[in-house]
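Heads up, the thing below is written out as structure tokens.
Residue numbers (the working numbering): 680 to 858.
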């Protein structure tokens with residue numbers, strides 16, 4: 680699979696396919712989007728929102744959530760605000776999200792099936808609350824509100840940053856704001 684990707688990359692570069700995507704790396708719309716890593720959103724989300732390359736910073740993680748006020752998602756948002764001059768943040772969950780049904784106990788069993796030992800699981804548990812870390816969310820709106828509040832109440836986020844939450848339909852791309 681990776682070799683095929685490398686072949687595609689070589690062809691893309693040699694045919695100068697990159698030229699239409701050149702941008703300076705700063706989001707033209709001064710907008711950061713926090714969303715899920717779901718593959719259905721890779722093309723659907725930007726198209727449904729009318730975005731082109733260079734318009735926004737899109738941060739994609741499982742469930743589009745923040746696990747802790749000082750995790751890498753929050754760090755990315757702080758970089759977007761301070762280094763890239765983002766003024767607004769959209770939190771976008773999506774319908775039929777797998778993270779809505781994630782269960783830590785189930786994931787730990789899957790890890791064991793792939794050879795992760797009880798000792799390794801215990802090592803991880805000594806570093807982090809594995810239950811919280813591997814569990815998903817169970818209510819979309821509650822998760823969106825929690826994520827927005829984590830951003831809004833963060834001591835390093837300026838009070839004038841606009842933060843709004845949405846659910847995008849994974850099939851149609853219809854965006855619904857969560858009040």
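Heads up, the beta-carbon is just placed ideally off N, CA and C, and yes, glycines get one too.
On a predicted model such as this, the values are computed, not experimentally measured, just so you know.
Query raised in the report: For the candidate residues 796, 787, 762 and 857, whose alpha-carbon lies nearest to that of residue 810?
Result: 787
Requested in this report: Answer yes if the region 824–841 comes into contact with the region 797–805, meaning at least three C-beta pairs across the two stretches below 8 Å, and no otherwise.
Outcome: no
**Report entry** As assigned by DSSP and simplified to three states, the class of residue 859
**Finding:** The requested residue 859 is not part of the displayed model; the chain covers only 680 to 858.
Query raised in the report: Shortest alpha-carbon distance to residue 833 belongs to which of 742, 753 and 808?
Result: The shortest C-alpha separation from residue 833 is found at 753.
Query raised in the report: Ordered along the chain, which non-local residues of its own chain (more than five positions away) have a Cβ less than 7 Å from that of residue 739?
Result: 714, 715 and 716
Report task. Reducing DSSP to helix, strand and coil, say where residue 678 ends up. Result -> The structure shown does not extend to residue 678, since the chain is modelled only from 680 through 858, so no value can be given for it.
Report task. Taking 8 Å as the threshold, find out whether the region 772–785 comes into contact with the region 813–828 through three or more Cβ pairs. Result -> The region 772–785 is in contact with the region 813–828.
Query raised in the report: The alpha helix (DSSP H) with residue 778 in it runs from where to where?
Result: First-last for residue 778: undefined, no H or E at that position.
Requested in this report: Mind checking which residues open and close the alpha helix (DSSP H) that includes residue 723?
Outcome: 720–728 is the extent of the alpha helix (DSSP H) around residue 723.
Query raised in the report: For residue 826, which three-state DSSP category applies?
Result: Helix at residue 826.
Requested in this report: Taking only beta-carbon positions, decide if residue 822 is within less than 8 Å of chain C.
Outcome: Here there is only one protein chain, and chain C is not present.
Query - Separation of residue 858 from residue 688, as counted between CA atoms - result: One C-alpha to the other measures close to 42 Å.
Report task. List the endpoints of the continuous beta strand (DSSP E) containing residue 856. Result -> 854–857
Query raised in the report: Which residue or residues does DSSP assign as beta-bridge partners of residue 845?
Result: Under the DSSP definition of a beta bridge, residue 845 partners with 771 and 856.
Query - For residue 830 and residue 806, the rounded distance between their alpha carbons - result: 24 Å
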